[in-house]
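Below: one structure, written as structure tokens.
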Amino acid sequence: MTPRAAPQRRRKRNVDALLLPYGRTTARRSSHSVEENPAIQAIWDVVAQIPPGTVSTYGDVARAAGLPGRARQTGYALKHTPDGLHLPWHRVVGAGGKIVFPPGSSAFREQARRLRGEGVKIANGRVARSALRVDRLRGD
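Residue numbering for the sequence shown follows the numbering used here, starting at 8 and increasing by one per position.
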């Protein structure tokens with residue numbers, strides 16, 4: 008008698024999440040509470056103030072929104088932006104000006120395309136230092 012191999016478990020994939028456009032989530036019922044969160048709204052207000060041709064980092068946006076040390080919350084806020092808000096999400100990059108999406112992904116290409124359309128130079132997945140906005144976004 009041969010030993011029986013343990014059955015391999017397959018990961019359950021959320022097929023709906025794979026079919027949604029980038030930035031949309033399947034849990035739309037939670038978006039209502041996200042829209043009412045004052046911290047998220049503060050982040051959206053700061054992102055809306057970034058002028059064309061300049062970029063800011065996730066950390067700088069969080070700091071300008073009064074949330075120092077919450078760069079990840081900036082990413083969360085941008086991911087859960089309502090469709091009709093039309094925020095310039097592409098003007099927010101990672102530390103040092105790096106585009107945080109995986110190179111070659113559709114999100115990476117879209118952000119690079121939009122930034123280049125505004126005159127921002129990009130090399131090796133990073134925006135030019137001259138485009139990084141280091142002053143306070145809110146003017147506080």
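Every residue gets a Cβ at the ideal spot worked out from N, C-alpha and C, and that includes glycine. Small disclaimer: the values here were computed from a predicted structure and weren't measured.
Counting only the same chain and skipping the five closest in sequence on each side, list residues whose C-beta sits under 7 Å from that of residue i.
i	result
residue 119	106, 129
residue 82	65
residue 132	105, 106, 110
residue 146	Any reading at residue 146 needs caution, since the residue's pLDDT is 48, under 50, leaving its predicted position unreliable; the model's value is listed next. Answer for residue 146: no residue qualifies.
residue 44	none
residue 75	69
residue 112	none
Excluding five sequence neighbours on each side, which residues of the same chain lie with their C-beta closer than 6 Å to the C-beta of residue i?
i	result
residue 96	85
residue 53	68, 71, 72, 144
residue 140	61, 63
Does the Cβ of residue i have 16 or more other Cβ atoms within 10 Å, making it buried, or fewer, making it exposed?
i	result
residue 35	Annotation note: pLDDT 49 at residue 35 (below 50); position unreliable, no value reported.
residue 63	buried
residue 116	exposed
If you check the beta carbons only, do residue i and residue j fall under 8 Å apart?
i	j	result
residue 99	residue 127	no
residue 78	residue 50	no
For residue i, which residues from the same chain have a beta carbon less than 8 Å from its beta carbon, with the 5 sequence-adjacent residues on both sides left out?
i	result
residue 135	104, 127, 128, 129
residue 60	125, 126, 127, 138
If contacts are defined as beta-carbon pairs under 8 Å, then residue i and residue j qualify, I think. What distance do you get, rounded to the angstrom?
i	j	result
residue 87	residue 41	5 Å
residue 46	residue 80	7 Å
Closer than 7 Å: is that where the CB of residue i sits relative to any heavy atom of the ligand SAM?
i	result
residue 50	For the structure depicted, the ligand SAM is absent and the ligand set is empty, with no information on it obtainable.
Between residue i and chain B, is the shortest Cβ-Cβ distance under 8 Å, so that the two count as touching?
i	result
residue 96	No chain B is present in this structure, which holds just one protein chain.
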